[in-house]
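Here's the structure, in structure tokens; my notes come after.
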Ligand SMILES: [Fe+2]
Ligand SMILES: [Fe+2]
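This is the structure in structure tokens:
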């Protein structure tokens, strides 16, 4: 597998080829998620492979600029649930990103791909790596604003408390069933930890 530094360059070139205007911010966000994910490992002393975590973080928004047609093509080719396309477009890069990454980069590590797939909505089956990427995406240094404050503060002292804050902020906007279940699950996880 390539190194995370090599994936930094690959990501930048991928974003450049999209012709989109906000790629610099998006790229900086990806690097900041990497930094934050590695900080979470150190803060909570997690036994996670740092290089693998760095790769998942750098690539988590790899598919941010795919076209609707590309997503449609992927749903068709892999016989995925067509209802995926009705989801909020903001989640497509997350749910369908792993397929784009596999096709374009040949990256096959299932744990990395699963962490990328769940970074936006979360999942009841997230691995620790998935949880780290889920939280790092929300608490990296560039996330500024009242909705991030509680999660950012807790991300230095209470990992699952911070995860609950991310879920809470999602619930405030749109209380969907998955977020409600996630909230219950992580309340239990927090009590037990
Ligand atoms: Fe994302
Ligand atoms: Fe992100």
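In this note's numbering, the protein residues as written are 8 to 200. Just so you know, even glycine gets a beta-carbon here, dropped at the ideal spot from N, CA and C.
Could you pull the start and end residues of the alpha helix (DSSP H) that residue i belongs to?
i	result
residue 89	Counting along the chain, residue 89 falls outside any alpha helix (DSSP H), and DSSP gives it neither H nor E.
residue 144	135 to 146
residue 20	11 to 25
residue 65	57 to 66
Between residue i and residue j, what straight-line distance do the alpha-carbon atoms span, to the nearest angstrom?
i	j	result
residue 168	residue 98	24 Å
residue 120	residue 143	16 Å
residue 69	residue 100	8 Å
residue 88	residue 133	20 Å
residue 18	residue 31	11 Å
residue 94	residue 67	18 Å
By Cβ distance, which residues of its chain are closer than 7 Å to residue i, with the 5 residues on each side in sequence left out?
i	result
residue 146	43, 155, 158, 159, 162 and 169
residue 49	none
Less than 6 Å between C-beta atoms, sequence neighbours within five positions excluded: which residues of the same chain meet that for residue i?
i	result
residue 148	39
residue 105	120, 123 and 124
residue 190	174
residue 25	72
Which residues in the same chain as residue i place their Cβ atom closer than 8 Å to its Cβ, once the five residues preceding and following it in sequence are excluded?
i	result
residue 58	10 and 11
residue 193	167, 170, 171 and 174
_Please enumerate, following chain order, all residues with a beta carbon closer than 5 Å to at least one heavy atom belonging to ligand 2._
68 and 144
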